[in-house]
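Sequential numbering from 1 applies to the sequence shown in the UniProt record's numbering.
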Amino acid sequence: MSMEPSPSTGRSTSPSSSMPANTSSLSTWPATEKGDVNGEKEQKVYTFLKNSCPPTSELLGSPSRLFWEPMKIHDIRWNFEKFLVGPDGKPIMRWYHRTPVSNVKMDILAYMREQAALGVRGK
């Protein structure tokens, strides 16, 4: 199994991705299709997320190893980059793909404590 990201094929990526989406979900994009996160055919949700948070690095990588165009500084560099989206739908944070999960957890808990102190609730 290759760990390299691959271009969109429109096919499900695993048996679990063919399961019905949560009916209470507010998503409006297909939950069972594979799609692009960078380049001309990137899905709108990724354009929104990437433009809402600073890039995780100033380096994209070697252009000879990247398969999308155009390449932009805000592009997702690897499929393990993470985004935190608040209850209002606004992106809060973005993490580099090599950020330890323990750091991501600490950031999320700090954000939740901050929101609780402000009296903000998710709906």
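Even glycine gets a Cβ: it sits at the ideal position worked out from N, Cα and C.
Here the structure is a predicted model, which is why all the values come from computation and not from measurement.
In DSSP terms, what residue i is bridged to
{"i": "D36", "result": "E42"}
{"i": "P91", "result": "V85"}
Same chain only: Cβ atoms within 6 Å of residue i, ignoring 5 sequence neighbours per side
{"i": "W78", "result": "H97"}
{"i": "K50", "result": "H74"}
Cutoff 7 Å; reference residue i; Cβ partners in own chain excluding five residues on either side
{"i": "I108", "result": "L84"}
{"i": "I92", "result": "L84, V85, G86 and Y111"}
Anticipated Cβ contact below 8 Å, residue i with residue j, distance rounded
{"i": "N38", "j": "D75", "result": "4 Å"}
Backbone secondary structure at residue i - three-state DSSP
{"i": "K105", "result": "helix"}
{"i": "Y111", "result": "helix"}
{"i": "S57", "result": "coil"}
Beta-carbon gap between residue i and residue j smaller than 8 Å
{"i": "E81", "j": "R94", "result": "yes"}
{"i": "P100", "j": "I73", "result": "no"}
{"i": "S64", "j": "K90", "result": "no"}
Same chain only: Cβ atoms within 8 Å of residue i, ignoring 5 sequence neighbours per side
{"i": "N103", "result": "W95"}
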